[in-house]
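Participant: I have a structure here, written as structure tokens, and I will follow up with some questions on it.
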Amino acid sequence: MEYNFKEIEQKWQSYWKKHNTYKTDIKENKEKYYVLDMFPYPSGAGLHVGHPLGYIASDIYSRYKRLKGFNVLHPMGYDAYGLPAEQYAIQTGQHPAITTDKNIERYREQLDKIGFSFDWDREIRTSDPGYYKWTQWTFIKMFESYYCYDEKQARPMTELIECFEQQGSKGLNVACTEELLFTAEEWNTKTEKERREILMNYRMAYLADTMVNWCPQLGTVLANDEVINGLSERGGFPVEQRKMRQWCLRVSAYAQRLLDGLDRIDWTESLKETQRNWIGRSEGAEMKFKVKNSDLELEIFTTRADTVFGVTFMVLAPESDYVCQLTTPEQAEEVAKYLEATKKRTERERQTDKKVTGVFTGSYAANPLSGEEIPVWISDYVLAGYGTGAIMAVPAHDSRDYAFAKHFNLPIIPLIEGCDISNESFDAKEGVMMNSGFLNGLSVPEAIKKAKEYVEEKGIGRIKVNYRLRDAIFSRQRYWGEPFPVYYKDGIPYMLPTESLPLELPEVTKFLPTETGEPPLGNATVWAWDETNKKVVETSKIDNKTIFPLELNTMPGFAGSSAYYLRYMDPHNDKALVDKKVNEYWKNVDLYIGGTEHATGHLIYSRFWNKFLFDLGVICEDEPFKKLINQGMIQGRSNFVYRITNTNKFVSLNLKDQYDTTPLHVDVNIVSNDVLDLDKFKAWRPEFANAEFILEDGKYICGWAVEKMSKSMFNVVNPDDIVENYGADTLRLYEMFLGPLEQSKPWDTNGIDGVNRFLKRLWGLFYDREGNFIVSDDKATAEELKTLHKTIKKVGFDIENFSFNTSVSAFMICVNELVALKCSKREILEPLVVTLASFAPHICEELYHALGYNTSVCNAEFPKYDEKHLVEATKKYPISFNGKVRFTMELPADMSKEEVEKATLADEQTSKYLDGKTIKKIIVVPGKIVNVVF
RNA sequence: GCGGCUGUGGCGUAAUUGGUAGCCGCGCUAGACUUAGGAUCUAGUGCCGAGAGGCGUGGGGGUUCGAGUCCCUUCAGCCGCACCA
């Protein structure tokens, strides 16, 4: 009987569904294990063969853990909000919900075919009101919280208000947008509106006028991680800087905890390093420079407090608030001209074009240590977003300041003995100080320390830690996202009561911004909040007395993906994001598998979001993902045909150099082992119908290259086709067999026959050609047991180490050996089937039942290996001479060192290789090797 | 520029962690069965060499009885960050 994968796979997929085999519940007597995949955005293109790679790996691990007796949570859902569906809606008028549902349905179909052990009862979609209710709920909690640096956690705003009432803002060590100073009396006399404006300065979720990455083509702002080299991540459109009133999340408050947490989680070093870079911690000093003839003080941040004596000028970012305060009337015109010019430059231009530009403000400041008078300039090499937006320039020891000083002819004072600054600055933090008053003679690290202390003592400034990590801009001028549970009274935002959540996304007539430039929600006719009746009503009823306008922005993509792992634990709970007891059982994700592209987006935001929920006391773990593995990308393997220029004639690969040719991509699905199917090629496109060919050995050989898998390269392979032709089990095995999970590698369907043959051969151990079940109850031999047990041992070890490719080859070796031994014994095959079941669940379920079981192999127990079957009586010792292996000798495994040495010397081949030379020494490593040195 | 990762047959890869480099699979070669082969089975297949043998893990150097594995250096590719004061 043939191995009929189609029948088998359908049969068991419906069996699993019918028997709820993958349904998971809390089992207090069992240890939990949580395996999570990064949930997909359901794109219109469907899955290609690269997408399921991580899912297959996590599925194998989940099934394995289950066989090992763990209670495994392994859910799946969809990141359903997103730009592509909305862009499609703008173009076609089709509601994004419809597009999304359709795409999800297709994804589900594709996923189902592969035989995953997901508990689909726990499916979530970020666009589902029952889900985003909790995204909105968390946002409200953020609005109602501030961050206390002393307690190192988020606290309720009510505590802060109490504090203001009693002592004002004095002595507070809390996260804020800007330092505000007011007394309790001042606070207590303020109006409601004034108070709310002040509170905004401290909220975890706050509304602020900030410089944002505005993308005109997408009509929305983007977060920093959504901008790559000055272009939008989605679509690659230019991005410009603009000041806009936006919702922001105070992620920066958590910078230190986000950094510290990295040391306690099992992620790859490269991923942690990326996050460390992104957080960008630097220790330094904040210092005040007095402005001449003014009460103003310029605040700057520096990591090189030791170089203050070398400050010969200061520079402001063009966006800095100081600019207008310091510009003198004489310079006003020039400054205005410069600001205008910089504004025109996009972020991208500013980054790529490193021409030195700048303008003098007309003002001077005083060096706080030397008292020297120094000019204040403006230049766009200073970033508004980092530090204070102003710097002290030390041209001798900073290359950017150096370039600026050279260009504008400003003085350069060297501060380190013996450094050469005639052509470039000396940036290294080493050497001995000079020209630096009380710092002279100290080494740079000593001087940094001493200068910082001095500055603090004299009240010139303070020691400060700065982070590159910015607060996340949380508003998007988009339709297809979570609505903010916010309405406005007199321009002041108020939160909806949490009992009124979810605030559902309204219908709109069109998905573009309104004529007045408001976001698409401005088109909604039912989008106003009735405060008394606590419900959404017609926009036309807005009277700003009891009925108020609702927020028109929506939340960004990372909102819904930040806490989804928690919702899987308790997906249908409408009383809480996750029940406390449930959360205490599942805790956090033990294994998270996904792509590396989320390193600075999702993986930072979800850690932040999670820490906030932890501070609220809603959840019990402060890091969401204990272990994280990045699966490598599956690249495409493209094929080429070579068209002779100006003809419709194609020449085979190895003859192409004799002609003038153009390579053309050809669909890999009509090429087999680099041999082109000529008929399919002619039928592929009308212009090739009359194509002629120059063949070699009667075949047309195509060229090939490894490229990104994409439609335009014609190298996309669809998993559906693989399942159709070879079955899901073969697909699963082959995806793993390709190579190490974390490595990128090209997909080449040609190799798939190997794993398919393996399954057929396995099948052949159970059934003969006539379809007779040939498994016997005979006693297994020592050799057969050894084959089995070494396989169980290796596969178990490999799975624990996520080395799935080597497990697959171990299975192949095992089956090859059993075939050679003609072993069809139950004693061997039964444990083998259970061991393989995580990789190839369908065929194993079939064989498990054929062996007489009527329960699922998913509920079996992973076999234990017994070392006693693995011990060898003899060892084939490689005998090497000066490190070169010459022959092998079979000796008893337990033979002593001395005896092995003796046996080696006694062998006649030894004298042959010695060739009369004297032996200097003999190295014998028992059980390993013999090395004769002469 | 800084940081991280990766370099092994024609291809994807393996190597018990310092101990016989190339396991497993693809491809290829030869053969068997066959009307046929994109089926199946058998044998071979790192390179050079008729052979003995030599050479081989991007290159160079080192440590070691012994290096794909450790150290130094260099090159190439991929990824991340990039005026971060």
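If you're matching positions, the first sequence starts at 503 in the numbering used here and goes up one per residue.
All C-beta atoms in this analysis are idealised placements derived from N, C-alpha and C, irrespective of residue type, glycine included.
From a predicted model like this one, the values you see are computed outputs, not experimental measurements.
Opposite residue 1205 in the DSSP bridges: which residues?
Facilitator: 1142.
Participant: Do three or more CB pairs link the stretch 1058 to 1077 to the stretch 636 to 654 at distances below 8 Å?
Facilitator: Result yes; three or more Cβ-Cβ pairs closer than 8 Å.
Participant: What are the boundary residues of the beta strand (DSSP E) that residue 655 is part of?
Facilitator: Residue 655 -> beta strand (DSSP E) spans 655 to 658.
Participant: Should residue 1421 go down as buried or exposed, given a rule of 16 or more other Cβ atoms within 10 Å for buried?
Facilitator: Per the 10 Å Cβ criterion, exposed.
Participant: Classify residue 1382 as helix, strand or coil using the three-state DSSP reduction.
Facilitator: Correct three-state label for residue 1382: strand.
Participant: Starting from residue 1518 and walking both ways along the beta strand (DSSP E), at which residues does that stretch end?
Facilitator: For the chain, the structure presents residues 503 to 1436; residue 1518 sits outside this window and is missing.
Participant: Would you decide whether residue 1267 is buried or exposed? Buried here means 16 or more other CB atoms lie within 10 Å of its CB.
Facilitator: Residue 1267 should be labelled buried.
Participant: Could you give the DSSP three-state label for residue 738: helix, strand or coil?
Facilitator: Note: residue 738 maps to coil in three-state DSSP.
Participant: Closest to residue 712 by CA distance: which of 581, 886, 591 and 513 is it?
Facilitator: Among 581, 886, 591 and 513, the Cα nearest to that of residue 712 is on 886.
Participant: From residue 1191 to residue 1152, what does the alpha carbon distance come to, in whole angstroms?
Facilitator: Each residue's alpha carbon lies about 12 Å from the other.
Participant: Measure the C-alpha to C-alpha separation of residue 1089 and residue 609 and round it to an integer number of angstroms.
Facilitator: If I take the Cα positions, the gap works out to 29 Å.
Participant: Across the stretch 967 to 977 and the stretch 775 to 793, are there enough close Cβ pairs to call them in contact, namely three or more that are closer than 8 Å?
Facilitator: Enough Cβ pairs lie closer than 8 Å, so yes.
Participant: By the three-class DSSP mapping on this structure, what secondary structure does residue 884 have?
Facilitator: Three-state DSSP puts residue 884 in coil, outside helix and strand.
Participant: Relative to the alpha-carbon of residue 1398, which residue among 1256, 1377 and 1417 has its alpha-carbon at the smallest distance?
Facilitator: It is 1377.
Participant: Which same chain residues, not among the five before or five after residue 892, have their C-beta less than 8 Å away from its C-beta?
Facilitator: Excluding positions up to five away in sequence, the list reads 800, 801, 802, 816, 817, 818, 819, 822, 824 and 884.
Participant: Who does residue 1167 pair with in a DSSP beta bridge?
Facilitator: BP columns for residue 1167 point to 1142.
Participant: What are the start and end residues of the beta strand (DSSP E) that includes residue 538?
Facilitator: 534 to 539 is the extent of the beta strand (DSSP E) around residue 538.
Participant: Using 8 Å as the cut-off, can you tell me whether the stretch 745 to 763 makes contact with the stretch 1108 to 1128, which would need three or more C-beta pairs spanning the two stretches below that distance?
Facilitator: Segments in contact, yes.
Participant: Verify whether the separation of the beta carbon atoms of residue 1138 and residue 1244 is less than 8 Å.
Facilitator: No; because the gap between Cβ atoms is not below 8 Å, this pair is not in contact.
Participant: Using three-state DSSP, classify residue 1228 as helix, strand or coil.
Facilitator: Three-state result, residue 1228: helix.
Participant: Just to confirm before moving on: does the CB-CB distance between residue 658 and residue 646 stay below 8 Å?
Facilitator: Yes. Within cutoff.
Participant: Using the Cα positions of residue 1259 and residue 566, report the straight-line distance between them to the nearest angstrom.
Facilitator: Each residue's Cα considered, the two are about 24 Å apart.
Participant: Secondary structure at residue 711, three-state DSSP: helix, strand or coil?
Facilitator: Of the three classes helix, strand and coil, the one that applies to residue 711 here is strand, per DSSP.
Participant: Given this structure, state the Cα-to-Cα distance separating residue 1375 from residue 533, to the nearest angstrom.
Facilitator: Approximately 40 Å between the Cα atoms of the pair.
Participant: When you compare only the Cα positions, how much space is there between residue 581 and residue 1087?
Facilitator: Their Cα atoms are separated by approximately 25 Å.
Participant: State the Cα-Cα distance for the pair residue 1319 and residue 622, rounded to the nearest angstrom.
Facilitator: Rounded to whole angstroms, residue 1319 to residue 622 spans 39 Å at the Cα level.
Participant: Please classify residue 1137: does DSSP put it in a helix, a strand, or coil?
Facilitator: Three-state DSSP puts residue 1137 in a strand.
Participant: Hey, could you find the ends of the alpha helix (DSSP H) residue 1255 is sitting in?
Facilitator: Looking at the DSSP string, the run of the alpha helix (DSSP H) that includes residue 1255 is 1254 to 1268.
Participant: If you check the beta carbons only, do residue 785 and residue 1344 fall under 8 Å apart?
Facilitator: No; because the gap between Cβ atoms is not below 8 Å, this pair is not in contact.
Participant: Curious, which full-length beta strand (DSSP E) runs of at least 3 residues does the stretch 810 to 849 contain?
Facilitator: You should have 815 to 818.
Participant: Alpha carbon to alpha carbon, what distance is there between residue 994 and residue 699?
Facilitator: Roughly 8 Å separates the two Cα atoms.
Participant: Less than 8 Å separating the beta-carbons of residue 592 and residue 1013?
Facilitator: Yes, the Cβ-Cβ distance between residue 592 and residue 1013 is below 8 Å.
Participant: Going by other Cβ atoms of all chains shown within 10 Å of its Cβ, with 16 needed for buried, is residue 576 buried or exposed?
Facilitator: Per the 10 Å Cβ criterion, buried.
Participant: Exposed or buried, residue 1104, counting other C-beta atoms within 10 Å across all chains shown (16 or more means buried)?
Facilitator: By the neighbour-count rule (16 or more Cβ atoms within 10 Å), residue 1104 is buried.
Participant: Using 8 Å as the Cβ pair cut-off and three pairs as the minimum, do the stretch 1197 to 1217 and the stretch 1122 to 1142 touch?
Facilitator: At 8 Å Cβ cutoff, the stretches touch.
Participant: By Cβ distance below 7 Å, which residues in the same chain neighbour residue 962 in space, the five residues on each side in sequence not counted?
Facilitator: The residues are 789, 790 and 870.
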